[in-house]
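Undergrad: Attaching a single structure in structure tokens format; questions to follow.
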Amino acid sequence: MKQVAPEKTCMQFSIRRPKLPSSETHPEESMYKRLDVSAWLSHLNELGQVEEEYKLRKAIFFGGIDVSIRGEVWPFLLHYYSHESTSEEREALRLQKRKEYSDIQRRRLSMPPEEHRAFWRNVQFTVDKDVVRTDRSNQFFRGDDNPNVESMRRILLNYAVYNPAVGYSQGMSDLVAPILAEVLDESDTFWCFVGLMQNTIFVSSPRDEDMEKQLLYLRELLRLTHVRFYQHLVSLGEDGLQMLFCHRWLLLCFKREFPEAEALRIWEACWAHYQGADV
């Protein structure tokens with residue numbers, strides 16, 4: 000009896016193009032360096048307001064942000080601070096938002112027993128499982144009884160109280176963890192996360208309707224730019240157009256598909272909204 004070699008049950012592939020030819024890059028690609036402290040300060044006037052916002056967003060899109068100032072710049076990209084606000088106004092806003100955050104947490108902790116049981120079943124049980132396995136290789140979250148893990152937990156639980164229509168879905172911990180690690184303040188991180196969920200062009204929430212919206216955009220992009228691949232998906236029927244292979248890309252904004260430094264660089268480029276409108 001002739002033996003047949005076992006079929007491969009899976010395939011792995013990698014496409015690596017460290018450098019694109021100039022014909023495939025944006026003509027301004029190499030004109031901008033990473034936004035550092037001095038470049039950032041040059042965009043602030045004597046009152047602390049951001050000037051030449053469009054140029055700033057353009058610089059961030061092409062060059063990214065130096066790690067040392069992400070915690071200061073990200074709140075602007077995430078719509079926590081407005082570009083027109085002064086330093087004094089931002090400090091007043093922080094105090095106001097800190098009080099609002101405390102009120103949200105107080106509301107969560109004072110739930111009546113029946114409401115608390117439902118919250119534990121629908122939200123807290125999943126949050127408690129997720130936060131202890133999110134970014135634990137990052138020094139900021141490493142180790143037992145790490146207070147930063149507890150901060151992340153409170154942010155997610157409080158967000159579910161703040162926005163019960165969205166609540167909590169797996170994947171949110173992966174989105175909030177890098178913000179907390181850069182912003183370094185629980186209340187500020189919470190409001191940045193609110194901005195991320197409400198005002199950015201990338202996945203607005205893990206809910207089915209939002210995922211379907213992102214898949215709709217992706218299908219249309221494929222139809223316009225990769226016709227043969229799109230036609231192949233169509234030939235596979237409904238399953239092909241569901242594109243299950245890219246759900247994690249969209250849900251976690253490519254966080255697990257790239258090294259952290261590159262993933263956060265992608266996030267910044269998306270948050271900059273250069274040549275794109277807020278949705």
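The sequence shown begins at 0 in numbering that gives the first Met the number 0 and counts up one residue at a time. Beta carbons: idealized from backbone N, C-alpha and C, even for Gly.
(1) Give every residue of the same chain whose Cβ lies closer than 6 Å to the Cβ of F140, excluding the five residues on either side of it in the sequence, and list them in chain order.
(2) E261 to P111, Cα distance in whole Å?
(3) Considering only the alpha carbon of each residue, which of V66, D187, N145 lies closest to L77?
(4) Comparing C-alpha positions only, which one of N137, K96, H42 sits nearest to Y161?
(5) Is DSSP giving L34 helix, strand or coil here?
(6) Exposed or buried, which one is K254 when buried takes at least 16 other CB atoms within 10 Å?
(7) State yes or no: is the C-beta of E267 within less than 8 Å of the C-beta of I64?
(8) For I64, which beta-bridge partners are listed by DSSP?
(9) Of the choices S84, V66, M30, whose alpha-carbon is the least far from that of H42?
(10) According to the neighbour-count rule (16 or more other Cβ atoms, all chains shown, within 10 Å of its Cβ), is V36 buried or exposed?
(11) By the three-class DSSP mapping on this structure, what secondary structure does V49 have?
(12) Could you name each continuous alpha helix (DSSP H) segment of 4 residues or more that falls completely within the region 214 to 267, going from the start of the chain to the end?
(13) Would you say F75 lies against chain C (beta-carbon separation less than 8 Å)?
(14) Using only CA atoms, which one of H25, E71, L94, F124 lies nearest to S168?
(15) Where V193 and L240 are concerned, what is the direct C-alpha to C-alpha distance, given to the nearest angstrom?
(16) Between the C-alpha atoms of N44 and E88, what's the straight-line distance to the nearest angstrom?
(17) Can you give the Cα-Cα distance for Y31 and R56, rounded to whole angstroms?
(18) In or out: F176 buried (at least 16 other Cβ within 10 Å) or exposed?
(19) For the alpha helix (DSSP H) that A117 lies in, which residues bound it at each end?
TA: In this structure, then:
(1) Position 141 of the sequence shown, counted from the first residue, corresponds to residue 140. The residues are D134, N147, V148.
(2) Here residue 261 is taken as the residue at index 262 of the sequence shown, counted from 1. Here residue 111 is taken as the residue at index 112 of the sequence shown, counted from 1. Cα to Cα, the separation comes out at about 44 Å.
(3) Within the sequence shown, residue 77 is the residue found at index 78, counting from 1. Answer by Cα proximity: D187.
(4) For the purposes of this step, residue 161 is taken as residue 162 along the sequence shown, with counting starting at 1. Among N137, K96, H42, the Cα nearest to that of Y161 is on K96.
(5) The sequence position of residue 34 within the sequence shown is 35, counting from 1. If DSSP states are grouped into helix, strand and coil, L34 belongs with the strands.
(6) Taking the first residue of the sequence shown as 1, we reach residue 254 at position 255. Within a 10 Å sphere around the beta-carbon of K254 sit 16 or more other beta-carbons, which makes this residue buried.
(7) Translated into the one-based positions of the sequence shown, residue 267 becomes position 268. Translated into the one-based positions of the sequence shown, residue 64 becomes position 65. In this structure, I64 lies closer than 8 Å to E267 by Cβ.
(8) In the sequence shown, counting from the first residue as 1, residue 64 sits at position 65. Answer is L34.
(9) Position 43 of the sequence shown, counting from 1, holds the residue named residue 42. Nearest option by C-alpha distance: S84.
(10) Your numbering for residue 36 matches position 37 in the sequence shown. Its Cβ having fewer than 16 others within 10 Å, V36 is exposed.
(11) Residue 49 sits at position 50 when you count from the first residue of the sequence shown. Here V49 carries a strand assignment [DSSP, helix/strand/coil].
(12) 226 to 234, 237 to 241, 246 to 250
(13) Absent from the structure is chain C; it holds one protein chain and no more.
(14) Numbered from 1 along the sequence shown, position 169 holds the residue referred to as residue 168. The shortest C-alpha to C-alpha distance from S168 to any of H25, E71, L94, F124 is the one to F124.
(15) Here residue 193 is taken as the residue at index 194 of the sequence shown, counted from 1. Here residue 240 is taken as the residue at index 241 of the sequence shown, counted from 1. Those two C-alpha atoms are separated by around 31 Å.
(16) In the sequence shown, residue 44 corresponds to position 45, counting from 1. In the sequence shown, residue 88 corresponds to position 89, counting from 1. Cα to Cα, the separation comes out at about 14 Å.
(17) Counting from 1 along the sequence shown, the entry for residue 31 is found at position 32. Counting from 1 along the sequence shown, the entry for residue 56 is found at position 57. Those two C-alpha atoms are separated by around 11 Å.
(18) Start at 1 with the first residue of the sequence shown, and residue 176 comes out as number 177. In the sequence under discussion, the amino acid at residue 176 is Ala, which differs from the Phe named in the question. Result: buried.
(19) By 1-based counting over the sequence shown, the position of residue 117 is 118. Where A117 is concerned, the enclosing alpha helix (DSSP H) stretches over 112 to 118.
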